[in-house]
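Taking it in order: structure first as structure tokens, then the write-up.
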Amino acid sequence: MIFGLDILTVCASLVFLLALLMNLVRKNTTLISLYVIQSVAIAAALAVLGGTDGETGLVYAALLTLAVKGVIAPTFLYRLISKYSGHFSAASYLSMPPTLVGLACMTAFSFLLAPHLPFAGVSAVPLLFAGIFSALFLMINRRGALSAVVGVLALENAAVLLSSTLGAVHTFALEFTIAFDIAVWVAIATAFLHMMHRQFGIVDTDTRLISRLTEE
Amino acid sequence: MIIYLLLIAPLVAAALTALMPRGKKWLIEYGALGAACVELLMACMIVAGVLAHGVVRASAVFEADALGAFVVLFVSVVGLAAAMHSIGHLREEMRKQIVGFSRVRQYFVLFHLFFFAMLAAAVTASPVLMWAAIEATTLASAFLVTFYNKSSALEAGWKFLIINSVGLLLGFLGTLLFLSAAGSAGASGAFVTWHTLLGLSPALNPLLVKIAFVFILVGFGTKTGFVPMHTWLPDAHSKAPIPISALLSGVLLNIALIGILRFRAVVDTVVDPSFSSHLLIGFGVLSLVVASFIIYAQKNYKRLLAYSSIEHMGIIAIGFGIGGPGTVFAIFHLLYHALLKPILFFSAGNFFLKYSSTKIARVRGALTAIPVSATLFFVALLAVAGTPPSGMFFTELGILSAGARTYPYLIPFVLAALLISFAGFIKQGSAMLFGEAPAEIAKGEANSWTIASIVFLFLVFATISIMVPFPLYELVQHAASLVS
């Protein structure tokens with residue numbers, strides 16, 4: 183318990199707040215740092231679940247999650263930024279006020295939806311749904327391809343914690359599958375970003391640029 | 017053991033292909049052909065085992081039931097044809113110096129990994145592993161979509177990767193919500209299986225299951241190509257190499273749809289089956305109607321075929337949504353589509369090799385320039401448009417008849433959409449096939465491999481259109497009983 187809240191709720195609150203912050207920051211390195219903290223929160227939640235249930239496998243899964251999501255994936259992304267720093271866009275389609283309104287609406291929607299869901303008493307559920315919506319918003323609102331990559335990863339973090347909160351049985355095998363998938367996905371997404379830079383000179387998904395592409 | 021051999025064959029082929037030195041292109045090609053033959057042989061053995069014993073089991077998480085065996089069978093048949101066509105198509109592109117040896121080697125490595133992922137998705141009994149395998153199909157095929165390294169191909173590949181990843185993450189959330197429901201009902205162990213979910217269904221929370229299925233439908237529906245989550249599909253299908261477009265359209269979409277149906281079987285035992293039926297019919301009708309209008313107005317023949325896939329996924333979803341006899345017709349429709357769409361893509365590939373353009377306006381007089389490909393393309397186009405005596409005519413008729421009893425108000429919309437797409441196919445097809453071929457176009461097919469693949473699939477399609485072999489009929493009946 184931390185300040186009277188169980189550790190899962192604390193982790194869920196962190197995941198939600200970090201997903202909100204990801205939409206507000208303008209530096210790509212900060213965006214990745216926020217993802218690292220979010221991943222550490224997920225690993226902590228898994229470790230606590232493992233400790234509480236006496237499951238050593240889950241503690242190993244927490245270490246694996248930390249290694250993949252907290253170290254390997256961010257390293258790939260940091261290296262990419264240091265290589266193409268001048269070419270990464272952190273701009274968004276919406277300015278700050280409409281972005282805040284959008285995030286507020288999605289959070290309000292999650293809290294309005296939560297009482298109608300099973301496990302209505304679990305306070306982490308609306309927070310994690312809001313975290314999922316915020317991650318989706320990040321992918322849609324940002325022009326930079328890197329934001330889309332971080333958005334996918336943040337969405338995955340919130341989904342995993344939501345399932346834990348709702349009672350999914352997390353095992354080492356399941357977590358290994360997820361971590362392996364994330365590792366491969368990040369490697370492929372990074373390769374795509376390299377290819378985009380080679381081809382277009384920038385790493386951006388701005389629709390104004392894409393509209394210049396023509397059919398062969 | 018058979019299941020492990022089925023999964024090991026493409027992995028071994030991928031590893032050997034990756035190690036192949038320059039100058040051994042023929043070994044890569046015949047290795048692909050050999051692996052495809054082994055997969056088809058294993059698939060036939062699995063089908064025989066399923067017909068004899070109901071299930072072929074390798075371990076707690078790998079087994080093939082009737083639905084799995086059915087999927088493995090059509091994946092392997094189309095796989096053999098795709099391997100044949102890949103050989104011919106890439107030889108021609110090497111001759112034209114569009115690709116070199118290392119690109120061909122890379123293509124076949126990814127080709128085998130793509131097959132491994134698709135076969136694994138079909139034979140796993142665990143929802144999580146099925147999700148992981150379907151995600152692996154995206155990862156294996158993303159670089160195949162960008163194979164030609166063009167700007168538009170890269171854009172298509174990025175869209176394919178991101179949209180499918182987001183979709184599959186929503187599907188993953190749905191899967192985890194099912195596991196949460198199962199966990200609350202007392203499930204334990206590393207991987208919960210379909211049997212466990214079905215066994216626990218009386219104890220699953222109905223509201224949680226409903227929410228989970230909506231996520232599954234949106235998530236896996238993205239991969240299936242349901243409108244409005246279909247936006248990646250026309251780009252990926254039109255930019256990938258022809259054999260890959262054929263696999264994406266004929267096989268991959270069906271595998272994601274099978275994922276939805278597996279979950280639906282659980283949902284229908286927990287809540288009123290009309291819940292999943294209405295959702296499937298809704299997505300199905302929307303996909304069918306939107307695709308039919310775009311088919312009519314299409315200017316690019318690869319995109320035309322891509323939208324046709326969306327249309328047929330819609331018809332299949334309607335069939336499964338209607339249920340009862342509609343389920344059997346939907347499974348046969350899925351099979352016919354899996355065979356016909358590669359025929360169309362392979363023929364379209366031969367058009368591309370000849371005319372060097374995917375624009376319908378630039379392809380004229382194909383019947384005189386490449387008579388075999390053009391004739392088979394036209395016959396397949398008529399068949400896919402639902403012209404009798406094609407098997408697709410009977411399956412569409414069957415789905416409409418089944419729907420007329422329970423959803424009579426749907427029939428006018430579906431019929432109108434089918435008529436629009438039929439008119440579109442005839443308009444676009446006749447524009448490409450008839451008339452005078454441009455003077456600079458030399459007559460004759462590219463090579464025998466690119467024809468053999470089409471003829472092979474056409475013979476299989478024609479045979480099962482005229483007369484469905486009893487074992488196949490039995491397999492489809494068993495598969496239908498698992499999803500309805």
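Line order of the protein sequences matches chains A and B. According to this note's numbering, the first sequence is numbered sequentially starting from 183. According to this note's numbering, the second sequence is numbered sequentially starting from 17. Where is the CB? At the ideal position from N, CA and C, for every residue including glycine.
For arginine 280 of chain B, the enclosing alpha helix (DSSP H) has its first and last residue at 269 to 286. With a cutoff of 7 Å on beta-carbon distance, alanine 228 of chain B and leucine 273 of chain B are scored as not near each other. For histidine 101 of chain B, the enclosing alpha helix (DSSP H) begins and ends at 82 to 111. Counting other Cβ atoms within 10 Å of its Cβ, arginine 380 of chain B reaches 16 or more and is therefore classed as buried. Interface annotation, alanine 453 of chain B: not in contact with chain A, CB-CB separation never under 7 Å.
Within the same chain, and ignoring the five residues on either side of leucine 276 of chain A in sequence, the residues whose Cβ sits closer than 8 Å to its Cβ are Gly284, Asn323. Contacts with chain B at 7 Å (Cβ-Cβ) include isoleucine 370 of chain A.
Cβ neighbours of lysine 41 of chain B within its own chain (closer than 7 Å, five residues either side excluded): Phe117, Val120.
Here serine 389 of chain B is buried, its C-beta having at least 16 other C-beta atoms within 10 Å. A distance below 7 Å separates the beta carbons of alanine 85 of chain B and valine 66 of chain B.
The beta-carbon of phenylalanine 311 of chain A is placed no less than 7 Å from the nearest beta-carbon of chain B.
Closest in alpha carbon position to threonine 347 of chain A, among A:Tyr260, A:Leu309, A:Phe291, is A:Leu309. For histidine 328 of chain B, the uninterrupted alpha helix (DSSP H) run begins and ends at 317 to 338, by DSSP. Here the region 108 to 115 of chain B does not lie against the region 53 to 60 of chain B, with fewer than 3 beta-carbon pairs under 8 Å apart.
At a cut-off of 7 Å, the C-beta of proline 279 of chain A has no neighbouring C-beta in chain B.
Chain A places no beta carbon closer than 7 Å to that of asparagine 366 of chain B, leaving this residue out of the contacts. Under the 7 Å criterion on CB atoms, glutamine 220 of chain A is classed as non-interfacial with respect to chain B. Closer than 7 Å to the CB of valine 144 of chain B there is at least one CB belonging to chain A. In the three-state scheme derived from DSSP, where H, G and I count as helix and E and B as strand, lysine 226 of chain B is classed as helix. Per the C-alpha coordinates, the member of A:Leu282, A:Pro256, A:Pro280 positioned closest to valine 368 of chain A is A:Pro256.
Taking the Cα of alanine 272 of chain A as reference, the smallest distance to any Cα among A:Val342, A:Val207, A:Ala365 is reached at A:Val207. For methionine 288 of chain A, the uninterrupted alpha helix (DSSP H) run begins and ends at 278 to 295, by DSSP.
Pairwise C-beta distances place the region 223 to 240 of chain B in contact with the region 276 to 287 of chain B, as three or more of them are shorter than 8 Å. Secondary structure note for isoleucine 482 of chain B: its alpha helix (DSSP H) is the uninterrupted segment 464 to 482. If you draw a straight line from the Cα of phenylalanine 315 of chain A to the Cα of phenylalanine 163 of chain B, it comes to about 33 Å.
One alpha carbon belongs to alanine 98 of chain B, the other to isoleucine 359 of chain B, and they sit about 10 Å apart. Contact of alanine 133 of chain B with chain A is not assigned, every C-beta pair being separated by 7 Å or more. Going by DSSP, isoleucine 258 of chain B is part of the alpha helix (DSSP H) stretching over 258 to 263.
The distance from the Cβ of phenylalanine 319 of chain A to that of methionine 288 of chain A is about 6 Å, consistent with a contact at the 8 Å cut-off. For histidine 246 of chain B, there is no enclosing alpha helix (DSSP H), as DSSP marks it with neither H nor E. Within chain B, the residues Val144, Leu145, Ala148 have their CB atoms less than 8 Å from the CB of threonine 359 of chain A, given in chain order.
Non-local beta-carbon contacts of serine 254 of chain B in its own chain, meaning distances under 8 Å to residues more than five positions away in sequence, involve Ala172, Ser261, Asn316, Lys318, Arg319, Ala322, Thr374 in chain order. Interface with chain B (7 Å Cβ-Cβ cutoff): proline 297 of chain A is excluded.
In the DSSP assignment, tyrosine 352 of chain B falls within the unbroken alpha helix (DSSP H) covering 341 to 371. Selection A:Ile189, A:Ala371, A:Ala201 evaluated against alanine 312 of chain A yields A:Ala201 as nearest (Cα-Cα). Of all residues in the region 156 to 173 of chain B, the ones placed with a Cβ closer than 8 Å to any Cβ belonging to chain A are Ala158, Phe159, Thr162, Asn165, Lys166, Ser167, Ser168, Leu170, Glu171, Gly173, in chain order.
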